[in-house]
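A short worksheet on the structure shown next.
Residue numbers (my numbering), protein chains in the order written: chain A, 513 to 635; chain B, 636 to 888.
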């Protein structure tokens, strides 16, 4: 019923919902972000819970960058120059990004990089 | 990514998506998975944004990412975005931004602003179609009335060839992967054909969260890049999301 070479297509699935089994890796936790709070405070609850996971993902991006540019200069550039960019980003996003960097302990430039990932990877 | 908006025979709209991300960002040989995709999965969160103790909108997000890729403004509209690859990509927009030309908007900040401020399908559609962007993108928008569903294909400056729901003419769903809807997808990355095959097999009368989840669970619509699946029902204001895995055999994209 399936080909194992591209384009790999299988028969249309049925009975997958409610999710369970090997294609379901877990439920997603709910959080509240209060837009009445100052932007730098809004993400504190989420980041406090996800601090480790965020740091681990950023580290994976750094490892990848180091694999491409082994001198470490790419990450130096991110840490040195991207923080300057945050001032040019529109309010309240700039303040929210600052708040996330403070709450997570991840360098500001690396949080900026994560937030502009989409624009970088459209090519 | 794969996003779709489907209308049932009673005019109820269901909007769903698979978010695929991390292509070519490190392949883990041992686990046969993409490194960044796997790192993103534990960061998936559902967020209810409130103002004056009332829900403004809900979204599925990555913790640490302030923009929006998937969201619902309950009883008004639903929105997802898919990546549109182009040589005239976001890096040109970023360069312009750095050089001081800042009349474009960052894609995910625009979607966040739309979810936060737009109060109707028409207003959201206009903002997503007309706002100058730093990078090309596909916006998939659903409303709360029959026929309100569309794919907005964006260049950095304008909207190209929008595709709308037209249930009277038999177009009861619109479906977008990462290719312009008027062109054939790359033959090595054709998720559109299997997804449409499964939608057509499902038929309009059976469309529901259950059947849409089935479509999004069919390989290669579900693939090694899929981080989460989100299902949204605008009239109920409901958003459900699930972290996904794609056991072998499974396409890497």
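For glycine and all other residues, C-beta sits at the position ideal for the given N, C-alpha and C.
May I have the straight-line CA-CA distance separating residue i from residue j, to the nearest angstrom?
i                      : j                      : result
residue 551 of chain A : residue 791 of chain B : 28 Å
residue 576 of chain A : residue 670 of chain B : 9 Å
residue 533 of chain A : residue 581 of chain A : 40 Å
residue 528 of chain A : residue 844 of chain B : 11 Å
residue 592 of chain A : residue 685 of chain B : 35 Å
residue 809 of chain B : residue 589 of chain A : 42 Å
residue 634 of chain A : residue 721 of chain B : 6 Å
residue 738 of chain B : residue 744 of chain B : 14 Å
residue 558 of chain A : residue 548 of chain A : 16 Å
residue 773 of chain B : residue 761 of chain B : 14 Å
residue 814 of chain B : residue 706 of chain B : 21 Å
residue 569 of chain A : residue 544 of chain A : 23 Å
residue 879 of chain B : residue 789 of chain B : 28 Å
residue 668 of chain B : residue 859 of chain B : 6 Å
residue 763 of chain B : residue 787 of chain B : 8 Å
residue 795 of chain B : residue 818 of chain B : 13 Å
residue 572 of chain A : residue 522 of chain A : 32 Å
Is DSSP giving residue i helix, strand or coil here?
i                      : result
residue 706 of chain B : strand
residue 886 of chain B : coil
residue 602 of chain A : coil
residue 719 of chain B : coil
residue 796 of chain B : strand
residue 662 of chain B : strand
residue 539 of chain A : strand
residue 835 of chain B : helix
residue 744 of chain B : helix
residue 775 of chain B : strand
residue 651 of chain B : strand
residue 752 of chain B : helix
residue 767 of chain B : coil
residue 625 of chain A : helix
residue 781 of chain B : coil
residue 732 of chain B : helix
residue 529 of chain A : coil
residue 873 of chain B : strand
Contact defined as beta carbons within less than 8 Å: I believe residue i pairs with residue j. What is the distance between those atoms, to the nearest angstrom?
i                      : j                      : result
residue 833 of chain B : residue 853 of chain B : 5 Å
residue 862 of chain B : residue 654 of chain B : 5 Å
residue 692 of chain B : residue 708 of chain B : 5 Å
residue 703 of chain B : residue 747 of chain B : 4 Å
residue 867 of chain B : residue 689 of chain B : Going by Cβ atoms, the distance from residue 867 of chain B to residue 689 of chain B rounds to 19 Å, so no, they are not a contact pair.
residue 600 of chain A : residue 849 of chain B : That belief does not hold up - the Cβ atoms of residue 600 of chain A and residue 849 of chain B are roughly 45 Å apart, past 8 Å.
residue 856 of chain B : residue 829 of chain B : 6 Å
residue 876 of chain B : residue 681 of chain B : 6 Å
Skipping 5 residues on each side, what residues in its chain have a beta carbon closer than 8 Å to that of residue i?
i                      : result
residue 756 of chain B : 711, 712, 776, 777, 778, 779, 780, 783
residue 578 of chain A : 584, 586, 587
residue 617 of chain A : 563, 567
Spatial neighbours of residue i within its chain, please: CB distance less than 7 Å, with the 5 preceding and 5 following residues excluded, ordered by chain position.
i                      : result
residue 770 of chain B : 724, 725, 728, 742, 791
residue 553 of chain A : 611
residue 615 of chain A : 555, 556, 559, 560
For residue i, I'd like the list of residues in its chain whose CB is within less than 6 Å of its CB, leaving aside the five on either flank, ordered along the chain.
i                      : result
residue 635 of chain B : The requested residue 635 of chain B is not part of the displayed model; chain B covers only 636 to 888.
residue 619 of chain A : 591
residue 826 of chain B : 637, 812, 855, 856
residue 595 of chain A : 620, 621
residue 807 of chain B : 642, 839
Taking CB distances under 8 Å as the criterion, tell me whether residue i reaches chain B.
i                      : result
residue 617 of chain A : no
residue 614 of chain A : no
residue 513 of chain A : Residue confidence for residue 513 of chain A is low, a pLDDT of 39 falling below 50, so the modelled location carries little weight and cannot support an answer.
residue 565 of chain A : yes
residue 546 of chain A : yes
residue 628 of chain A : yes
residue 605 of chain A : yes
residue 576 of chain A : yes
residue 553 of chain A : no
residue 562 of chain A : yes
residue 537 of chain A : yes
residue 609 of chain A : yes
residue 540 of chain A : yes
residue 528 of chain A : yes
residue 568 of chain A : yes
residue 559 of chain A : yes
Taking 8 Å as the threshold (beta carbon to beta carbon), is residue i in contact with chain A?
i                      : result
residue 669 of chain B : no
residue 770 of chain B : yes
residue 644 of chain B : no
residue 832 of chain B : yes
residue 741 of chain B : yes
residue 720 of chain B : yes
residue 838 of chain B : no
residue 662 of chain B : no
residue 788 of chain B : no
residue 698 of chain B : yes
residue 795 of chain B : no
Examine the ligand ZN and report whether any of its heavy atoms sits within less than 7 Å of the Cβ of residue i.
i                      : result
residue 591 of chain A : No copy of the ligand ZN appears in this structure; indeed no ligand is present at all.
I'd like to know whether the C-beta of residue i is nearer than 8 Å to at least one C-beta of chain E.
i                      : result
residue 811 of chain B : Given the protein chain composition of this structure (A and B), no chain E is represented.
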